[in-house]
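**Student:**
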Amino acid sequence: MPPVPLTPQQVSFSHDEGFLIIPDLFNPVALEPLRHELHNEINRKAREFQAKGQLSELHEEEGLDRQISAIYRDAKECGAALVQHLIGERGGAFLSPEMFNLIINRKLIQIISSLLGSEEIVASAHRLRPKLPHLGSGDVPWHQDGGYLAEHCDDHLIITCWVPLVDATRENGCMEILPRTHLAGVVRHHAGGNAGFLVIKAEDLPTDPSQAIIATCPRGGAVFMTNRTPHCSTPNISDHIRWSVDLRYKSADVPSNVGIKPTSIDAEGHADRKFYEQVNIACYPPEADFVISSKEHPERVIGYDDYVRLRALYTRTKPGYPEVRAWPAMPKF
Ligand SMILES: O=C(O)CCC(=O)C(=O)O
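Residue numbers for the sequence shown follow my numbering, beginning at 1454 and rising by one.
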């Protein structure tokens, strides 16, 4: 089916509310190749642990939505290492054609293009999130994605597109979103929230969290938010893993590191000075931005092999400064 553009009502809903949920964006079957590839990667890594004598059972028969939890019960370190392996340092671990195909999905691009009002689209930081039941480490406290980005990007629009790989429900820890609060700017965050995430303390939230929308979303749907939309995700109290992918997109006139590559990287990951001088203009310098759509400049659009090379290059390179944005630390009690 050809991509369907957003209706003017959907565009204005998104501009007014700071989010949009499209429950039936893809046929859920379209997500199967990615789910299948994830399952393969988990088995591959679990076999490595088994070969080293760290894990006795692979629990392959549990399937994607339960296998890591079963491994975690048998060998906590292996379960935790598997989650970390998939999330990766700076999103660099799970680079597969299936993931790339989701990033460049035509239906997604059509919607992003309507929301950004731009035909040329730059993709940016993205994450895979396996949220294990009853663990707590995947519960993301209140934040705006802008809290993670450089301050000079606060007034630019960057869209987060959150794609669940299972039905995202209240029980398995979907997101909560504070509507109509994205126009006020990026509020104060604190470093050192749950599992090291940034957090907006209750007194800094733009409205009472009781106003939050429970952003349930079936597999095949997607949730779109701005970089200034406060959101969090709740505990997974279900019996299965809540898998999701979050992707970020912006127009070509938002500061980015497109086309900027280190010319040399030393053994400790330090790149050449010119690279750092140029790369820090990006909203999130540690991760490579890349063009996924441009009718005017098709030569800028990159394919899968270049995407893998670029992401790997940035992952090898130490960021130019320790924090993209310094927030006060959460007080210790
Ligand atoms: O997936 C989650 O639980 C939270 C995702 C999130 O906060 C984000 O994508 O910014």
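All residues carry an ideal CB built from backbone N, CA and C; glycine is no exception.
DSSP beta-bridge partners for W1696?
**Tutor:** W1696 is bridged to P1583.
**Student:** With the cut-off set at 8 Å, would you say Q1597 and R1681 are in Cβ contact?
**Tutor:** In this structure, R1681 lies closer than 8 Å to Q1597 by Cβ.
**Student:** What residues match up with R1672 in a beta bridge as DSSP calls it?
**Tutor:** G1674.
**Student:** From this set, S1704, A1675, L1511 and N1689, which residue's C-alpha is nearest F1479's C-alpha?
**Tutor:** Per the Cα distances, A1675.
**Student:** With DSSP as the reference, identify every bridge partner of K1703, one or two as the case may be.
**Tutor:** V1575 and I1611, per the DSSP bridge assignment.
**Student:** Who pairs with M1859 in a beta bridge, going by DSSP?
**Tutor:** This structure leaves residue 1859 out entirely; the chain is present only between 1454 and 1786.
**Student:** A1621 bridges to which residues according to DSSP?
**Tutor:** In the DSSP output, where bridge partners are listed per residue, A1621 has C1670.
**Student:** Looking only at its chain, what residues have a beta carbon closer than 6 Å to the beta carbon of S1746, apart from the 5 residues adjacent to it on each side?
**Tutor:** The residues are I1562 and I1574.
**Student:** Using the Cα positions of E1730 and I1718, report the straight-line distance between them to the nearest angstrom.
**Tutor:** When rounded, the distance between both Cα atoms is 15 Å.
**Student:** If you count every other CB in all the chains shown that lies within 10 Å of the CB of A1665, and 16 or more means buried, which is it?
**Tutor:** A1665 is buried by the Cβ-count criterion.
**Student:** Buried or exposed for D1742, going by 16 or more other Cβ atoms inside 10 Å?
**Tutor:** Buried is the call here.
**Student:** I'd like the list of long-range same chain contacts for C1627, defined as Cβ closer than 8 Å, with 5 residues on each side in sequence excluded.
**Tutor:** Here the set comprises P1617, A1621, I1667, A1668, T1669, C1670, S1686, T1687 and R1695.
**Student:** List in chain order: all unbroken beta strand (DSSP E) runs of 3+ residues lying wholly within the segment 1459-1485.
**Tutor:** 1472-1475, all fully within the segment 1459-1485.
**Student:** Say whether the segment 1468-1485 touches the segment 1500-1509, bearing in mind that this needs 3 or more beta-carbon pairs closer than 8 Å, one atom from each stretch.
**Tutor:** Result no; under three Cβ-Cβ pairs closer than 8 Å.
**Student:** Under 8 Å by Cβ, that's how I've got R1701 and I1630 pegged, so tell me the actual separation to the nearest angstrom.
**Tutor:** Wrong, their Cβ atoms sit about 16 Å apart, outside the cutoff.
**Student:** For S1405, which of helix, strand or coil comes out of DSSP?
**Tutor:** Given a span of 1454 to 1786 for the chain in the structure shown, any question on residue 1405 remains unanswerable.
**Student:** Tell me A1644's beta-bridge partners as DSSP assigns them.
**Tutor:** In DSSP, A1644 forms a bridge with A1782.
**Student:** Give a single yes or no on whether K1703 has its beta carbon closer than 7 Å to a heavy atom of ligand 1.
**Tutor:** Answer for K1703: no, Cβ out of range of ligand 1.
**Student:** Using C-beta distances below 6 Å, list every residue in its chain close to P1594, excluding the 5 sequence neighbours before and after it, in chain order.
**Tutor:** For P1594, where only same-chain residues beyond five positions count, the Cβ hits under 6 Å are G1646, N1647, F1650, V1652 and C1685.
**Student:** Looking at C-beta atoms only, is the number of pairs between the segment 1653-1664 and the segment 1567-1586 that lie closer than 8 Å three or more?
**Tutor:** Touching, no, given that fewer than three Cβ pairs across the two stretches are closer than 8 Å.
**Student:** Once the 5 residues before and after E1542 are set aside, which same chain residues still bring their CB inside 8 Å of it?
**Tutor:** Here the set comprises T1768.
**Student:** With a 10 Å radius around its C-beta and 16 neighbouring C-beta atoms as the bar for buried, classify N1625 as buried or exposed.
**Tutor:** Buried is the call here.
**Student:** If you draw a straight line from the alpha carbon of A1528 to that of M1678, how long is it in whole angstroms?
**Tutor:** About 37 Å.
**Student:** Indicate the three-state DSSP secondary structure (helix, strand or coil) for H1787 in the structure shown.
**Tutor:** The chain is shown only over 1454 to 1786; residue 1787 falls outside these bounds and no answer can be derived.
**Student:** For W1696, verify whether its CB is less than 7 Å away from any heavy atom of ligand 2.
**Tutor:** Among the ligands modelled here, namely ligand 1, ligand 2 does not occur.
**Student:** Return the CA-CA distance between T1460 and S1709, expressed in angstroms with no decimal places.
**Tutor:** The alpha-carbon atoms of T1460 and S1709 are separated by roughly 29 Å.
**Student:** List the DSSP bridge partners of S1746.
**Tutor:** I1574.
**Student:** By alpha-carbon positions, which one of I1556, G1773 and H1512 ends up nearest to S1697?
**Tutor:** Of the listed residues, the one whose Cα sits closest to S1697 is I1556.
**Student:** State the start and end residues of the unbroken alpha helix (DSSP H) segment that holds S1522.
**Tutor:** That run of the alpha helix (DSSP H) goes Q1520 to D1527.
**Student:** Pick helix, strand or coil for V1777, following the three-state DSSP scheme.
**Tutor:** V1777: coil per DSSP, three-state reduction.
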